[in-house]
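Student:
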Amino acid sequence: MKLKTLLAKHKSALISRWVDAIVETYPSETAKFLKSKKDQFSNPVGHTIVAETKNLFDQVLEGVDREKVTPFLDRIIRIRAIQEFTPSQAISFVFSLKYIIREVVGPEIDTEDLDQELVDLEATLDFMALVAFDIYMSCREQVYDIRAKEVQQNAFLLLKRANLLVEKPGPKPEDS
Amino acid sequence: MDTKPEFKPGNFLYAGKASALETVGLANPRDWSPTDDDWKLPADWKGIVREGMAERLQRFRSFKLFMDICVRCGACADKCHFFIGSGDPKNMPVLRAELIRSIYRGEMKTAGKILGKLAGGRKLTEDVIKEWFYYFYQCTECRRCSVFCPYGIDTAEITIIAREILNLLGTNIDWIASPVANCFMTGNHLGLKPHTFKENIEYLVDDIEEYAGVRIEPTFNRKGAEILFVTPSGDVFAEPGIYTLMGYLMLFEHIGLDYTWSTYASEGGNFGFFTSHEMMKRLNAKMYAESKRLGVKWILGGECGHMWRVVHQYMDTLNGPADWLEQPVSPLTGTRFENAASTKMVHITEFTADLIKNNKLKLDPSQNDHIIPTFHDSCNTSRGMGMLEEPRYVLNNVCNNFVDMAPQVIRENTFCCGSGSGLNAGEYLEMRFRGGLPRANAVKRVHEDHGVNMLSCVCAIDRAVFPALMDYWVPGVGVCGVSELVANALVMEGQGEREYNLRGEENPSYKPPAEDEASAEAGEEGEE
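Going line by line, the protein sequences match chains A and B. Add 596 to a position in the first sequence, counting from 1, and you land on the number used in the numbering used here. Add 3 to a position in the second sequence, counting from 1, and you land on the number used in the numbering used here.
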């Protein structure tokens, strides 16, 4: 587990580079704003990116658990899922940590002979990317569900009066 | 500035239908889509834009000033909810305005005509029109940026003029054009005919009887009523607006108000405001004409956003003075509404606040104890008419758990819902989620910190769009009008057991009287 010790040592540099990599997926004027404004209300996107990359990095050090990592990934992906990104662009930030690790601690990985640990860690990141993909899809599905529901709500009373509303089928009462 | 927008499903609004444009005589009715290469602009479209711009520079001094005086200080840049949520720099108000300023310089100013880009000018092309369409239908005319501009530039007015010019070419959107046509022909956005409008309200009257045990008999088109009540038609058919409307009905019954509904002026909303000054005037005139026909003394208006902006900022010069009406005086409290001296129209929340202040309502706020509400200031009623205290006063009197959001996102600093100014179309949901992100983010904070479970508001568009926004960003937070919470707390004369709320759901705050009495007796015995 020498690699994780190494990553923990370089934690702030790695997180900072990771934040940069995510922020740079936006146009340059926007990236500047996302990094400069700290207020969570004035800059919710930048604030979320900074807060959740820290949480995600800790998860990487701990070993990625689907349940634990989901809320942190969700907060970033939920935003990117409805912004002007393709699906691959929306979740690409997970993979960028791989390159950042190689850039920042690559030489030390070589000198300490930590290649196998790196392969294992990259497999963990691949798993996190798969979780990210699931989250992205659930966000998109939610958008379509909400859109359908909104159509109904917008004409709720007219549909109700015309007897056009169908209740969602629930569990049938068991035969007594 | 030269990057062309890419129209993709979810990021553009459908084009205005030819039939809707024809109904109200708007220019260049045709079938087209923003994804088409050829937008079928009129033959002399460049001349139309130049003339349209020149005419408006002459007519609106504000527009002329706003074209000339921006020093690009950047104070507005990060204040737009669409910029914050989309990350698209052209949604910075300064850059959005630059889309039209650069044409103003390139086409109207000598330096720009000669020097082009060097003088900040560019030439009019079809791509410019496409870019205007894309970005001026991302601005919700909310005016948040104007609060921060040291020169007082109102970017909303720039958008208003840009949309007017786009309308001269027939490049408008269906979610505005069809409601305008329906409103003009039938009286409301959905085109509900008078009998349907009336039947819908009667249906809600039946629901009130079922859930609150009170029978209400509203009147329609009644000549000689003291007050005409006008509300956005969304309250008559959309969820959760219908519960707000049930709230109005119960409030008026509670105080015995002499009022009437109109099935002709059956819309408070005015999508003409998002089309042109002329269209705004035509639609606004209907409720005033109806007030004259019915012979009422003044008009009471429901929970609406832009209806109030039109009334407060434009009505008097559009269709005023309404000499046949009287300055509104509350028949219950005698309060003279000085702020409505000219428009003769009072907001329901001001009216309710005055009733509470004068102890005219019998209220049991504990009926709302299971609700922890926060309040969204509609851009139009806060920045547009300065109504900041009244909703909070009402909420604090009808609920025990009201929580405000952070100071930098409420009152005049409020973040838009992201769907105002006619952008609340279904096809635009993803873009609306971007625009609504800053507001939802602030709600999320009070939801997590204080357990807020209800977002209250005084605007029909808010009520229509927030359920979707909350579902996506802050699940577990419902949406309601302030008048619904008022009605929950009202103790109506002769009411039944309030075991159910106006939505027909069991009311967790309901306390059966028998149990109360039994426990009170047990308590007394215990004390003895």
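Glycine included, C-beta positions come from ideal geometry on N, C-alpha and C. Please read all numbers here as calculations on a predicted model, not as lab measurements.
Does the stretch 279–294 of chain B come close enough to the stretch 246–256 of chain B to have 3 or more Cβ pairs within less than 8 Å?
Tutor: Contact fails: fewer than three Cβ-Cβ distances are below 8 Å.
Student: Tell me residue 533 of chain B's beta-bridge partners as DSSP assigns them.
Tutor: A query on residue 533 of chain B cannot be resolved here, the shown segment of chain B reaching from 4 to 531 and no further.
Student: Closer than 9 Å by beta-carbon distance: list the chain A residues that pair up with residue 475 of chain B, in chain order.
Tutor: In chain order: 674, 678, 735, 738, 739, 742.
Student: Please identify the residue among B:488, B:261, B:44 whose C-alpha is closest to the C-alpha of residue 227 of chain B.
Tutor: It is B:261.
Student: With DSSP as the reference, identify every bridge partner of residue 457 of chain B, one or two as the case may be.
Tutor: DSSP, once it has assigned bridges, lists B:376, B:481 as partnering residue 457 of chain B.
Student: For residue 440 of chain B, collect the residues of the same chain with a Cβ closer than 8 Å to its Cβ; drop the 5 residues on either side in sequence, then sort them by chain order.
Tutor: Excluding sequence neighbours, residue 440 of chain B sits near 84, 87, 88, 421, 476.
Student: Given a cut-off of 7 Å on the beta-carbon distance, is the pair residue 724 of chain A and residue 690 of chain A in contact?
Tutor: The answer is yes: Cβ separation under 7 Å.
Student: In chain A, which residues lie with their C-beta within 7 Å of the C-beta of residue 437 of chain B?
Tutor: Per Cβ cutoff of 7 Å: 678, 679.
Student: Return the CA-CA distance between residue 685 of chain A and residue 671 of chain A, expressed in angstroms with no decimal places.
Tutor: Cα-Cα distance, rounded: 16 Å.
Student: Under 7 Å between C-beta atoms, does residue 615 of chain A make it to chain B?
Tutor: Not one chain B Cβ lies under 7 Å of residue 615 of chain A.
Student: Pick helix, strand or coil for residue 220 of chain B, following the three-state DSSP scheme.
Tutor: DSSP places residue 220 of chain B in coil when its eight states are reduced to three.
Student: When the cut-off is 7 Å and only beta carbons count, does residue 772 of chain A lie next to chain B?
Tutor: For residue 772 of chain A, the pLDDT reaches just 38, beneath the cut-off of 50, and the residue's location in the model is therefore unreliable, although a value from the coordinates is still provided. No, no contact with chain B.
Student: Can you tell me which of the three DSSP states residue 231 of chain B falls into?
Tutor: Strand at residue 231 of chain B.
Student: Take the Cβ of residue 577 of chain B as the centre, count every other Cβ of all protein chains shown within 10 Å, and call the residue buried at 16 or more, exposed below.
Tutor: The structure shown does not extend to residue 577 of chain B, since chain B is modelled only from 4 to 531, so the question has no answer here.
Student: By the 7 Å beta-carbon criterion, what residues does the stretch 612–638 of chain A contribute toward chain B?
Tutor: Taking 7 Å as the Cβ-Cβ cut-off against chain B, the residues of the stretch 612–638 of chain A that qualify are 622, 623, 625, 626, 629, 633, 637, 638.
Student: Hey, quick one: how far does the alpha helix (DSSP H) through residue 48 of chain B stretch, first residue to last?
Tutor: 48–62 is the span of the alpha helix (DSSP H), which, as asked, contains residue 48 of chain B.
Student: Taking 7 Å as the threshold (C-beta atoms), are residue 357 of chain B and residue 336 of chain B in contact?
Tutor: Against a cut-off of 7 Å, the Cβ pair of residue 357 of chain B and residue 336 of chain B comes out as a contact.
Student: Along the stretch 748–764 of chain A, where does the CB come closer than 7 Å to a CB of chain B? Name the residues.
Tutor: Within the stretch 748–764 of chain A, the qualifying residues are 749, 750, 751, 752, 753, 754, 757.
Student: Out of B:433, B:161, B:467, B:511, state which residue places its alpha-carbon closest to the alpha-carbon of residue 674 of chain A.
Tutor: Of the candidates B:433, B:161, B:467, B:511, the one whose C-alpha sits nearest the C-alpha of residue 674 of chain A is B:433.
Student: Whole angstroms is fine: what's the gap from residue 13 of chain B's alpha carbon to residue 651 of chain A's?
Tutor: Cα-Cα distance, rounded: 31 Å.
Student: Within the same chain, show all residues whose beta-carbon is closer than 6 Å to that of residue 25 of chain B, passing over the 5 residues directly before and after it, in chain order.
Tutor: The answer, listed in chain order, is 32.
Student: Using a beta-carbon distance below 7 Å, is residue 179 of chain B in contact with chain A?
Tutor: Not closer than 7 Å to any Cβ of chain A, the Cβ of residue 179 of chain B fails to qualify, so no.
Student: Between residue 448 of chain B and residue 58 of chain B, what straight-line distance do the alpha-carbon atoms span, to the nearest angstrom?
Tutor: When rounded, the distance between both Cα atoms is 47 Å.
Student: Less than 8 Å between the CB atoms is what I'm expecting for residue 249 of chain B and residue 207 of chain B, so what's the real figure, rounded?
Tutor: With a Cβ gap of about 5 Å, residue 249 of chain B and residue 207 of chain B count as contacting.
Student: Using a Cβ distance threshold of 8 Å, determine whether the stretch 636–651 of chain A contacts the stretch 444–462 of chain B, with at least three qualifying pairs required.
Tutor: Counting Cβ pairs under 8 Å, three or more are found: they touch.
Student: Can a CB atom of chain B be found closer than 7 Å to the CB of residue 746 of chain A?
Tutor: Cβ-Cβ to chain B under 7 Å: yes for residue 746 of chain A.
Student: Using beta carbons (cut-off 7 Å, strictly below), is residue 287 of chain B in contact with chain A?
Tutor: Taking Cβ atoms only, chain A never reaches closer than 7 Å to residue 287 of chain B, which makes this a no.
Student: Spell out whether any CB of chain A is found under 7 Å from the CB atom of residue 81 of chain B.
Tutor: Closer than 7 Å to some Cβ of chain A, the Cβ of residue 81 of chain B qualifies, so yes.
Student: Just verifying my parser: in three-state terms, what is the DSSP assignment at residue 125 of chain B?
Tutor: The answer is coil: DSSP assigns residue 125 of chain B none of H, G, I, E or B.
Student: Apart from the five residues on each side of it in sequence, which residues of its chain come closer than 7 Å, Cβ to Cβ, to residue 727 of chain A?
Tutor: Here the set comprises 662, 665, 666, 669.
Student: Quick one: grab the DSSP three-state call for residue 606 of chain A.
Tutor: Looking at residue 606 of chain A - three-state DSSP - the assignment turns out to be coil, as it is neither helix nor strand.
Student: Strictly below 8 Å CB to CB, what residues from chain B border residue 641 of chain A?
Tutor: Under the 8 Å cutoff, chain B gives 87, 88, 90, 440.
Student: Looking at the unbroken alpha helix (DSSP H) that takes in residue 246 of chain B, where does it start and where does it end?
Tutor: That run of the alpha helix (DSSP H) goes 244–258.
Student: How big is the Cα-Cα spacing for residue 617 of chain A and residue 610 of chain A?
Tutor: Their backbone Cα atoms lie some 10 Å apart in a straight line.
Student: Comparing C-alpha positions only, which one of B:396, B:328, B:378, B:376 sits nearest to residue 361 of chain B?
Tutor: Checked all of B:396, B:328, B:378, B:376; the closest Cα to residue 361 of chain B is B:396.
Student: Measuring only the C-alpha atoms, how far is residue 332 of chain B from residue 300 of chain B?
Tutor: Residue 332 of chain B and residue 300 of chain B: Cα-Cα distance of roughly 9 Å.
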